[in-house]
Amino acid sequence: MQRTQHVNRLFSKRFALSPLPLAIAVALSPLLAHAAPDWVPTRTDAFLIARAPAAAASQTLAKTAPSYALNMIGTPELADTNVTPLELSQPLRVTIVLKSRNEAQLDSLVREVNQPGSANYRKYLTPEQFKARFAPTDAQVRAVVAHLKANDFGDITVSANNKLIFAQGNASNAERGFHTTLKRFSYRGKAVYANDSAALVPASLSPVVESVLGLQSAAVPHRLIHRGTPADARIQTDAITKNATASGTQTGHQPTDFAQIYNASGLPAATNTTVGIITWGDMTQTIADLNTFTRNAGLPNVNTAVVAGSSGTLADDGDPGEWDLDSQTIIGTSGGVKQLIFYAAVNGDSNDSGLTNATLTAAYNKAVTDNVAKVINVSLGEDEAAANSDGSLAANDAVFKQAVAQGQIFSVSSGDAGVYQWSTSPYGAPGYVGTYSGGKVTTKINLAKYSVSSPASSPYVVAVGGTTLSTSGTTTWAGETVWNEGLAYADVSSSGQPLDNAVRLWATGGGVSGYEAAPSWQTAALGSSVTKRVVPDVAFDAAQSTGAYLVINGQPNQLVGGTSLASPIFVGGWARVESANGNGLGLPTSAFYQGLPGNPSLVHDVTSGNNGYNSYGYSAKSGWDDDTGFGSLDFAKVSASSVK
């Protein structure tokens, strides 16, 4: 019998200050608020950058020139956009990210815990052990809470690992508490806000506070699901040249097919392993669709739970497709799991207006502090520079680092915009290349400027890229090429009709991080020239044409793809590997880079295709490449080998 638990409470503790320290904090707050030299920056930079007015022939033209840009790759200017102060009464929920203690020791542990021969090999920590050795202290937490209360924040809660402090306030509280200013503007068709100066904290808190999340809503991760439309077909026919195809047949698949295609069915079902999925909002329809899928597929009912990442509203935004893709693919590939937990970020309302990088970081952290899910899927991604600017890149790395120390595995989709994750269309779609009119594409971006997706670029996760799959029948692997479907209309209505003439690239994400250092095992395998993290690590089917037939909103046989398919295939297959190995395996990336080059029979090497447009991007080659990593895995062979 299926058991669905809706757990919307936050497993945290509330801190109460005694009257005397609180009175002292309140008395000192005016002094702190005006002592500018005593304030220092955090890792949350200005997200909105003031620009000098462009040169113009007249004063009138100068006034209308762009005066702001976003702190992202390409620094997109807010042309013809009214930027005004955010109303001081605007409600704002912030997340204060605290620094870990004993960082050098933690880095050593993270390396050693998955290194054969190390004294710490596979000696994973419990959350309690991690907190005792590496988490911020209770005294440090109390100091930050006092600062928040002194600036009139309320509803203050602290995550179980002391890493995150959540507080409710308004724009006025945030501007006073972090010596910044907030602006309101329209971006990619939505009303958003962002800070136009770095978030500061008193110097006394500098050793404690790493970043302040929740000060911008302009950039949040995209769902990486790809559904075909008639508009797609027109652009593909008229304007692009497809990658070469492998032998065999290219057709859609039932989620259960992938277990046979990638030889996961050679292992028992993953019924001893708990799996997590990072989501946002209400999961009622997703779970109903999952029940329909398992019933149709002849699989057992799934024991599900919904756990909120933080306090707030989990609203139904009417689009369960991403979470349907994740859950049905994982269950189909795994054959069933012990429990499937949806770690849901707070989204506020049906328009997702409360969704920020802060609420997603909270969901990641909840999955880690619970330490129940062994493998956790993330089919989300955003411009890496945006995540770095607001501080969430470093915050998420810290969360993923704890997961590695505890033996948990995050699997993250590498993105669906090829090498152009940074470039967005007028309505916010990544991979924007230009415009399409009269059968011709006019390029509007610098095609030589590349970027990768976050959090896939983190060195503490498995980054999963995409392929176009060919099979003999529907269940026998016959070949794979780099997933690149070329250009399609970027901005389409719910019925699939284009809203404008902007076009985007649909292709697997991959390339070189601009911010994350290469882990030692990656440099050792790929050469000393690799100094930044490169992605992906592995890859699986992602093409919409060879994707998965799903139940979405109660409707069966909805064919979808994207690297949001590839990552759940890995998660479902790896859950079987974990069950077969007593759930004793940790993050496998170091083992992959040390062992796969010498064991080519464990993978399907992808050697054809590229992930750019018009001869740009990275091309596949023998061995590891920036398109598909080492390729796709033969799960049963990997499980039987030492490469895990």
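Numbering (mature numbering (1 follows the signal peptide of the UniProt record, and there is no 0)) for the sequence shown: -35 to -1, 1 to 609. Backbone N, C-alpha and C define an ideal beta-carbon position, used for all residues, glycine too.
Do residue j and residue i come within 9 Å of each other at the CB atom, strictly closer than that value?
| i | j | result |
| --- | --- | --- |
| Ser422 | Tyr480 | yes |
| Asn316 | Phe150 | no |
| Arg58 | Gly277 | yes |
| Leu264 | Leu305 | no |
| Ser292 | Val267 | yes |
| Gln373 | Val343 | no |
| Thr257 | Val516 | yes |
| Gly403 | Ala504 | no |
| Gly527 | Gly512 | yes |
| Lys128 | Asn330 | yes |
| Thr122 | Asn336 | no |
| Asp591 | Val500 | yes |
| Gly444 | Asn576 | no |
| Gly82 | Ile410 | no |
| Phe95 | Ala360 | no |
| Pro186 | Ala545 | no |
When you compare each of the options to residue i by their alpha carbons, which one comes out closest?
| i | options | result |
| --- | --- | --- |
| Gly286 | Gly246, Leu170, Ile374 and Asp362 | Gly246 |
| Pro562 | Leu491, Ser460, Val59 and Leu550 | Leu491 |
| Gln559 | Gly577, Ser606 and Ser544 | Ser606 |
| residue 624 | Gly300, Asp348 and Ser182 | Any property of residue 624 remains undetermined from this structure, which presents the chain solely from -35 to 609. |
| Thr407 | Leu452, Trp448, Gln371 and Lys414 | Leu452 |
| Ser169 | Leu180, Gln462 and Ala108 | Ala108 |
| Asp289 | Asn518, Phe223 and Val123 | Asn518 |
| Ser124 | Tyr425, Val110 and Gly461 | Val110 |
| Gln520 | Asn546, Thr251, Ala104 and Asn466 | Thr251 |
| Leu412 | Pro420, Lys405, Val398 and Tyr425 | Val398 |
| Gly538 | Ala351, Thr236, Asp314 and Ser390 | Thr236 |
| Pro484 | His187, Glu77, Ile534 and Ala270 | Glu77 |
| Ala37 | Tyr454, Lys602, Ala156 and Trp387 | The question names Ala, yet the displayed sequence has Met at residue 37. It is Trp387 whose Cα lies nearest to the Cα of Met37. |
| Arg153 | His191, Ala44 and Leu530 | Ala44 |
For the alpha helix (DSSP H) containing residue i, name the first residue and the last one.
| i | result |
| --- | --- |
| Asn336 | Where Asn336 is concerned, there is no enclosing alpha helix (DSSP H), given that its DSSP letter is neither H nor E. |
| Ile295 | Gly286 to Ser299 |
| Val398 | Careful: Val398 lies outside any alpha helix (DSSP H), inside the beta strand (DSSP E) at Tyr397 to Ser402. |
| Gly346 | It is not in any alpha helix (DSSP H) - Gly346 instead sits in the beta strand (DSSP E) that spans Leu345 to Asp348. |
| Trp486 | Ser485 to Leu491 |
| Pro92 | Pro92 to Phe99 |
For residue i, which residues does DSSP report across the bridge?
| i | result |
| --- | --- |
| Ile374 | Val340 |
| Arg192 | Val525 |
| Ala34 | Ile14 and Glu42 |
| Asp506 | Thr432 |
| Lys155 | Tyr152 |
| Arg469 | Tyr397 and Ala453 |
| Ala132 | Val59 |
| residue 697 | In this structure the chain extends from -35 to 609, so residue 697 is not present and cannot be described. |
| His144 | Partner(s): none; His144 has no beta bridge. |
| Val174 | Leu63 |
| residue 615 | One cannot answer for residue 615 here, as it falls past the ends of the chain, which runs -35 to 609. |
| Ser584 | Asn575 |
Could you give the residue range of the beta strand (DSSP E) that holds residue i?
| i | result |
| --- | --- |
| Leu452 | Asn449 to Tyr454 |
| Ser478 | Gly476 to Ala482 |
| Ile306 | Val302 to Ala310 |
| Asn237 | Ala235 to Trp245 |
| Gly119 | Gly119 to Val123 |
| Ile517 | Ala513 to Ile517 |
| Lys405 | Lys405 to Thr408 |
| Leu165 | Leu165 to Pro167 |
Drop a sphere of 10 angstroms on the beta-carbon of residue i, count the other beta-carbons inside from all chains shown, and report buried for 16 or more, exposed for fewer.
| i | result |
| --- | --- |
| Gly119 | exposed |
| Gly217 | buried |
| Ser275 | buried |
| Ser587 | exposed |
| Glu93 | exposed |
| Asp72 | exposed |
| Arg498 | buried |
| Leu470 | buried |
| Glu450 | buried |
| Gln509 | buried |
| Phe143 | buried |
| Lys366 | buried |
| Ile130 | buried |
| Thr202 | Caution applies to Thr202, whose pLDDT of 40 falls short of 50 and renders its modelled position unreliable; the value that the coordinates give is listed next. Classification for Thr202: exposed. |
| Arg541 | buried |
| Ser493 | exposed |
| Arg16 | exposed |
| Asp103 | exposed |
| Ser212 | exposed |
Beta-carbon of residue i versus every beta-carbon of chain C: anything under 9 Å?
| i | result |
| --- | --- |
| Ala111 | You won't find chain C in this structure, because it holds only one protein chain. |
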